[in-house]
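Asker:
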Amino acid sequence: MVREKLLKMPESARRFRSGTTAMLICLVLIVGYQVSQPQKVRIERRVEPSGEGLPKRLPAVSLLLQWQKKLGLRDEQVKMLGDLDSQEKAELKPIEESLSEITSMMKSNGSPAELHMNISQIQALAKEAAEPSRRKREIVSRFSKQAWQVLESQQQSLATKLSFGSSEK
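Here the sequence shown is numbered in my numbering, starting from 232 and rising by one per residue.
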């Protein structure tokens, strides 16, 4: 009897019978199961601020001299900081000259067609600038530490607030 009904049905009606229904039910069950289960892949985004793990930089000698009134520096402190500043500038002069030579190579007065550099040329310039830059950071850091020792504890805390943008006095 079922067979007779199937034979009498038009071709389009025969497609939607028990097999199709069973397949749709299975598909709904599988999709429901997948939705109810937790995702296996989770994307976690961890953002760390870029200077969090690094030690705080001490203010430069020249900055301390600029802040002499705010910090309440005595005359002998100003004189010592001035001496440190002149020594620092004397040590930095040859390094800054070599860095300016390197950066002048990157800046050209020629036409835009001459400005094209390949990656190996850029890497060579960066490698050449790395050593003087490292030495410059070391010198500035060394003189900043020496200048920090000239300050009293109250002046150090005030200089810290000034260097990190705090408006407290």
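We put the CB at the ideal spot given by N, CA and C, even for glycine.
What you are looking at is a predicted structure, and each value in this text was computed from that prediction instead of being measured.
If you run the structure through DSSP and keep just helix, strand and coil, what is Arg373?
Answerer: It is helical.
Asker: Pick from Ile333, Gly263, Val262 and Glu307: whose alpha carbon is nearest that of Ala357?
Answerer: It is Ile333 whose Cα lies nearest to the Cα of Ala357.
Asker: Distance, Cα to Cα, Ser375 vs Gln268?
Answerer: Taking the straight line from one Cα to the other gives about 58 angstroms.
Asker: Should the segment 271 to 279 be called in touch with the segment 362 to 369, which here means at least 3 C-beta pairs below 8 angstroms?
Answerer: Segments in contact, no.
Asker: Between the alpha carbons of Lys324 and Arg373, how many angstroms are there, rounded?
Answerer: Approximately 16 angstroms between the Cα atoms of the pair.
Asker: Over what stretch of residues does the alpha helix (DSSP H) that includes Ala390 continue unbroken?
Answerer: Ser384 to Ser394 is the extent of the alpha helix (DSSP H) around Ala390.
Asker: Determine whether the beta carbon atoms of Ser388 and Arg288 lie at a separation below 9 angstroms.
Answerer: Not closer than 9 angstroms, so no.
Asker: Within 9 angstroms of any Cβ in chain D, is that where the Cβ of Pro269 sits?
Answerer: Annotation note: the requested chain D is absent from the structure, which comprises a single protein chain.
Asker: Excluding five sequence neighbours on each side, which residues of the same chain lie with their C-beta closer than 8 angstroms to the C-beta of Gln296?
Answerer: According to the sequence provided, residue 296 is Leu. The question's Gln does not apply to it. Counting only Cβ-Cβ distances below 8 angstroms, and skipping sequence neighbours, we find Val309, Leu312, Gly313 and Asp316.
Asker: Beta carbon of Ile353, beta carbon of Glu322: below 9 angstroms?
Answerer: No, they are not a contact pair.
Asker: Counting only runs that start and end within the segment 253 to 321, where is the alpha helix (DSSP H) found for 4 or more residues in a row?
Answerer: Here the runs fully enclosed are 292 to 297 and 299 to 302.
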